[in-house]
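Everything on this sheet refers to the single structure shown next.
Protein chains: 4
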Amino acid sequence: MAHNIDLSGYSIRTDLAVEAHELAQQQNESNIEGIWLQADDREPNIKVTRLHVQTEEAGKQIGKLPGRYLTIEVPKLRENDTSIEEQVAKRFAVEFAAFLEQMGITKDQKALIVGLGNWNVTPDALGPMVVENLLITRHLYKLAPETVGEGYREVSAISPGVLGITGIETSEIVFGVVEKSKPDFVICIDALASRALHRVNTTIQISDTGIHPGSGVGNKRKAIDQATLGIPVIAVGVPTVVFASTIVNDAITYLLGHFGQSMVESKRAFNKLALSTVPERSEPYTEDDLPDMESRKTFMGLVGSLPEEEKRQLIHEVLRPLGQDLVVTPKEVDDFIEGVANVIATGLNRSLHQAVDGDNSAAYTH
Amino acid sequence: MAHNIDLSGYSIRTDLAVEAHELAQQQNESNIEGIWLQADDREPNIKVTRLHVQTEEAGKQIGKLPGRYLTIEVPKLRENDTSIEEQVAKRFAVEFAAFLEQMGITKDQKALIVGLGNWNVTPDALGPMVVENLLITRHLYKLAPETVGEGYREVSAISPGVLGITGIETSEIVFGVVEKSKPDFVICIDALASRALHRVNTTIQISDTGIHPGSGVGNKRKAIDQATLGIPVIAVGVPTVVFASTIVNDAITYLLGHFGQSMVESKRAFNKLALSTVPERSEPYTEDDLPDMESRKTFMGLVGSLPEEEKRQLIHEVLRPLGQDLVVTPKEVDDFIEGVANVIATGLNRSLHQAVDGDNSAAYTH
Amino acid sequence: MAHNIDLSGYSIRTDLAVEAHELAQQQNESNIEGIWLQADDREPNIKVTRLHVQTEEAGKQIGKLPGRYLTIEVPKLRENDTSIEEQVAKRFAVEFAAFLEQMGITKDQKALIVGLGNWNVTPDALGPMVVENLLITRHLYKLAPETVGEGYREVSAISPGVLGITGIETSEIVFGVVEKSKPDFVICIDALASRALHRVNTTIQISDTGIHPGSGVGNKRKAIDQATLGIPVIAVGVPTVVFASTIVNDAITYLLGHFGQSMVESKRAFNKLALSTVPERSEPYTEDDLPDMESRKTFMGLVGSLPEEEKRQLIHEVLRPLGQDLVVTPKEVDDFIEGVANVIATGLNRSLHQAVDGDNSAAYTH
Amino acid sequence: MAHNIDLSGYSIRTDLAVEAHELAQQQNESNIEGIWLQADDREPNIKVTRLHVQTEEAGKQIGKLPGRYLTIEVPKLRENDTSIEEQVAKRFAVEFAAFLEQMGITKDQKALIVGLGNWNVTPDALGPMVVENLLITRHLYKLAPETVGEGYREVSAISPGVLGITGIETSEIVFGVVEKSKPDFVICIDALASRALHRVNTTIQISDTGIHPGSGVGNKRKAIDQATLGIPVIAVGVPTVVFASTIVNDAITYLLGHFGQSMVESKRAFNKLALSTVPERSEPYTEDDLPDMESRKTFMGLVGSLPEEEKRQLIHEVLRPLGQDLVVTPKEVDDFIEGVANVIATGLNRSLHQAVDGDNSAAYTH
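Residue numbers (our numbering), protein chains in the order written: chain A, 1 to 366; chain B, 367 to 732; chain C, 733 to 1098; chain D, 1099 to 1464.
Encoded structure:
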């Protein structure tokens, strides 16, 4: 959520490639060409999805830049169970190490880890919280190289803050630090927005496409990616918030499907619906009133017939008086963020430093 | 949210009397007997509602105990504007002082303020945060009475924690402390659950009915009220969370009303609706398919025809896979809670101690 | 530091029995009758001292109540090394379990743990921080006893706050909670004041004498011990602060000893001393001035000849303009307190619940 | 304390120019040439000292770079009194605005404020805490200039962290950010070490010499000053810590002076001194033992005759077993730092933005 200036962006897209792909497939009838997708749920509790957007064209269809996206989904991650957290940290380490290798990044190349987000806003504090728990070594290589054993690499880290606190674009700070500290690659950690409440704090996305806050013309300079930095940029993100209006949108879609499939037709029930939704009139409504009420049903029609983006925008507008343009997060956000930040920091420490393994990795986080 | 054991309670009720009354009125056609209600929005930005549940019978109809409920609603309170916060603190002080007077509590009676809730869960930390900012004087009266000037009263405070942290019912701790410290009346501060997202962190409720966690048989002993403590108990609450499924429920009701009133009947749109909600089939649907699809519309009917409680329960169940049994809070929860806690603490300091006024009250909070 | 009202107490005593005993022995020539002392440093890094004050008379001589005191000293505990912390937690668990057994407390008796101190003052936050990391079970025994496995006992906990926050004597709150929750014994966790900087955050004291804030007449009612509660009270304390004037006092004593033993007599050096300590005069001092300067040396004499308590009081007064009546703590206090709180919580969880061992105990703290 | 790598630096110098000057004057008999000093204590509670090191030569004598140093001393600042804090913020704003003007910095030049130090170490968190409370405007000038009224200037801010967290020299980060964000001048906020406990959290130093961590050859690149950045650098610092060994050093010097002046010569007292400092011997010492004990007195002589730096180093070494190489801070550090950070942030907001005055400045801090 480094991109917290352009919040409208949330309403028309998701930060997760798997969600964007699902949405696009719902609107198409067939598979999208140029998208390679592989799901792996062999390990209990964990589903890993690898999605490769292979062409510009495919990217446009799902609204995501060409590149590789790896998603780790763990519904139980929200249960605050340390053995699940340890399991996910382990898998994250394996997947992240393989992801780096696939990108051609070698074991002695220098990493700069950037913790994006606002440390004062709990659901946005993921990046800074990960940075606090990393095993940092760059200064040892510079000041006392003889003290660094085998199996480590140069790692540095920064939490640049957000525009409202610094007055400076995050990307400008990162560019400045990269120029001075000269890492070989950058890893950005960020809190994301999801379309689906069930993905909040249960999903980790790794991608090689960098960070692209907002969208559209003029924001190019804010991107933090290989094109702007000149070195590879890996983005690691976890959805921590969802638009209230998106909850409604998805719920309506889901409910329509749910009831449609599980119930027989019922004219009577349908009529009751129409009756039930008319709030005020002194005498009772009867079926005779139905013709006038047909209009009420049209909302679903109107809503349903709109393109996905416009539909969401409409719901968003309509619900503003209800406060549903709010971005929400689960009540237990403090615990959730702490847990997932620990998973990512532990996983990064293990995959960046070969000398760190399961037995000693807990010593670096707190 | 001292009542965080019985979360199911959230789905079938609201902590706010004004919401409960609205709901009850929607289901009845006429006014409910035994409810006295007065709204006052003469002051800009602020709407104060006084609701008196005068009989047991009326209480049953709206699901609230007989007693007085005062609600201060300030939609702009969420804008983090210090001048609004100061305005609300001032009004709160005036209303709270009048509320005490109406209860027969005099200016020299001793107050114990209880900050309910869990300090580790930001949206539940309202009570403990208010306690941190109170002007506490009881120990001065005991140890150095000559140092206490005119215009103060004995005030003590405690944050008893929650069952998961202490292992002890909050009410047991409060009973023990009341017995030992012998206050004349108790003020409980608590974070509440609302049915409506737009009330989250914008509404303050004051009532003379005490705290009644959960519902039903067997929980009587957990209540913190005049009956159990033997002294008056005033509850001050702010809704800080809402069930995700409630957001959906209310949105559907609202959308049905919205579109029904603003659009002309449109058979075509209605048909489109039905078509649009069928996700997978190779050949396009046509209007000929409509009869089979009527069933889809029935969900609204079934939902609409159910009693309010069952309807919400149904939506709750259906949406479980979407994670909508989650309790959510706005992303900016840290700022919101800090702001409203400051308003309440400042307001309490002013209304409990006559010597504290607008000029010096900020000195006691931080 | 629940006793933070009577800070003068710090200047005339130490909270640690081993220190009080050392001091008393320095002033006596022979061993004190009625004190049994045993030191055990067989385990690397750790020195355990068991001190038994067997008579009232002996207690008066060292200024400590009759009872058992167990001290775990770990100079390396301040190095923030997780393997040392794990080692100390293990040893603490063993010693604490033995201490309970010696007191006749059985494995199924119910514990209430009281975290004394002020959570807003880092060096005083030890007690509340330990409470946050305990495995609490009492509510499970009450609400869902079938879910509690073998090897656990009923444990509850409370952080009552300090007088400045609550306005109520801590002891009153504890009495109230004990009456309502009916534990079989109480464990109080508290931050202590030490005379010696090297003991700050490196020493843990366990005693069966309870908590006795302040001293002298009239404070009896504030004590939290078997006499006042009617059940055994174990106190666990860690020195986290030291008076600045005590640092000076001890340093002077130590320096006198150090130089006295390591250097030959040197009249010349002695004269230089006298010369060097006269700040302002236009012409240089010579040895001829010495007679007049003898007086300067007398401070050491005066100081040295005073009884220990008066000497410290004198230094305390003299140094007030230097700000040395301040109570100080190491700069790294945040890390130190977090580390030692974790050690104690882990140790308590293991010794109170047989089912908790080294492999799973970390899961309960965070 | 951005310079927390080279802590040995603390033992041989002070960060405060007024202290360095006092020390130098104690060792010289006359005023130091090239030092201009003016003290102003006309305002109650506040003493402002302006010290101008006019030549390289003078700078060497007091161990400070040539430049202007302004010190605001407020002994009562530690009393946590909001009216004193408001008074100091006001005076700070006036002095700081004048300081900028004297440096030739105009009202529309762009400021970058750098909050040095470690946010996880309370006594080192001053800089980051000030940054959190600043009125940041640079992004408004860039993104929505029409929204910025008269009387403001472009202000940005960053908390770069410390080497142990980032692995990157703080100066490198600042250089990078300055290059990208192009401010006209830089203000660095830092926690300092003092020689004197009574200056901790009661003194604010403003200087135009920038930040020079450590000392000696090879550290040039770490400096943050006009020479390295090419733009003016103002440093604002508050002493928050002191070496335990410095407390002892200064106390001894002070005690020698105190007793020397206030007491008559007393051979007897002197002898008692010698007797009292010999800890163990079975038979009592008598005056006959005195010749052998003369050596004990020599420590003061040896200590006194050494150059100031070596003397402190010696005490430092000797006291290591006592843990007196620790850097300490007052127990109330949390409150103190919060208070003084608030004073500086409020003062900076007022002096940097003409439109911010006493009435609205509190609205920007929290």
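Glycine included, every Cβ here is placed at the ideal spot set by N, Cα and C.
Asked                                                                                                                                                                  : Found
Using the Cβ count rule (16 or more neighbours within 10 Å means buried), how would you classify Gly1259/D?                                                            : buried
Starting from His139/A, trace the alpha helix (DSSP H) both ways and give me its first and last residue.                                                               : Arg138 to Leu143
List the whole-angstrom C-beta distance separating Glu388/B from Ala424/B, where the pair is believed to meet the contact cut-off of C-beta under 8 Å.                 : That belief does not hold up - the Cβ atoms of Glu388/B and Ala424/B are roughly 14 Å apart, past 8 Å.
By DSSP, does Thr536/B sit in helix, in strand, or in coil?                                                                                                            : helix
Do Ser1292/D and Val1340/D have their beta-carbon atoms positioned less than 7 Å apart in this structure?                                                              : yes
So for Leu961/C, helix, strand or coil by DSSP?                                                                                                                        : helix
Would you tell me roughly how many angstroms separate the C-alpha atoms of Leu692/B and Phe702/B, rounded to the nearest one?                                          : 20 Å
Name the one or two DSSP bridge partners that Glu439/B has.                                                                                                            : Lys413/B and Thr569/B
Could you work out which residues of chain B lie near Val887/C, taking near to mean beta carbons separated by less than 8 Å?                                           : Gly533
Going along the chain, which residues of its own chain have a beta-carbon closer than 6 Å to the beta-carbon of Asp1206/D, five neighbours each way excluded?          : Arg1251
Check whether the Cβ atoms of Ala1342/D and Val1431/D sit closer than 7 Å, and answer yes or no.                                                                       : no
Whole angstroms are fine: how far does the CA of Pro945/C sit from the CA of Asn951/C?                                                                                 : For Asn951/C, the predicted structure reports a pLDDT of 47, less than 50, and the residue's modelled location is therefore unreliable. The matter cannot be settled from this model.
Where does the unbroken alpha helix (DSSP H) through Pro1226/D begin, and where does it stop?                                                                          : Leu1224 to Glu1230
Go ahead and label Gln571/B buried or exposed: buried means 16 or more other beta carbons lie within 10 angstroms of its beta carbon, across all protein chains shown. : buried
What number of angstroms, rounded off, separates the C-alpha of Thr415/B from the C-alpha of Met1201/D?                                                                : 58 Å
Counting along the chain, where does the alpha helix (DSSP H) carrying Val826/C start and finish?                                                                      : Thr814 to Gln834
What does Glu33/A reach in chain B if we use C-beta pairs closer than 9 Å?                                                                                             : Those within 9 Å of Glu33/A in chain B number zero; the least Cβ separation is about 18 Å.
Quick one: Cα of Arg1474/D to Cα of His52/A, how far?                                                                                                                  : With chain D covering only 1099 through 1464, there is no way to say anything about residue 1474/D.
I'd like to know if Phe465/B contacts chain C, where contact means its C-beta is closer than 7 Å to some C-beta of that chain.                                         : no
Using a Cβ-Cβ cutoff of 7 Å, what residues of the region 533-564 of chain B are near chain C? List them in chain order.                                                : Gly533, Ile534, Glu538, Ile539, Phe541, Gly542, Val543, Glu545, Lys546 and Ser547
Hey, is Leu1261/D's beta-carbon within less than 7 Å of any beta-carbon in chain A?                                                                                    : yes
Helix, strand or coil for Gln770/C, going by three-state DSSP, please let me know.                                                                                     : strand
For Ala523/B, name the three-state secondary structure that DSSP assigns.                                                                                              : strand
Applying a beta-carbon distance threshold of less than 7 Å, which residues of chain A neighbour Glu698/B?                                                              : Val121
The beta strand (DSSP E) spanning Gly847/C covers which residue range?                                                                                                 : Ala843 to Gly847
For the beta strand (DSSP E) that contains Ile555/B, what are its first and last residues?                                                                             : Phe551 to Ser560
Below 7 Å CB to CB, which residues in the same chain sit around Pro860/C once its five sequence neighbours on both sides are set aside?                                : Gly847, Gly849, Trp851 and Ser891
Have a look at the DSSP bridge pairing and note the partners of Gly237/A.                                                                                              : Asp190/A and Gln205/A
May I ask which residues mark the beginning and end of the beta strand (DSSP E) holding Val1425/D?                                                                     : Val1425 to Pro1428
Taking 7 Å as the CB-CB cut-off, is Val1454/D touching chain A?                                                                                                        : no
Going by beta-carbon coordinates alone, are Gly237/A and Leu192/A separated by less than 7 Å?                                                                          : yes
With a 10 Å radius around its C-beta and 16 neighbouring C-beta atoms as the bar for buried, classify Thr1045/D as buried or exposed.                                  : Examination of residue 1045/D is not possible in this model, given that chain D is present from 1099 through 1464 alone.
Whose C-alpha, out of Val932/C, Arg774/C, Ile794/C and Thr746/C, is nearest the C-alpha of Asn763/C?                                                                   : Ile794/C
Tell me the rounded alpha-carbon separation between Glu805/C and Ala562/B.                                                                                             : 56 Å
If distances are taken between C-alpha atoms only, which option among Thr898/C, Lys914/C and Glu882/C comes closest to Leu844/C?                                       : Lys914/C
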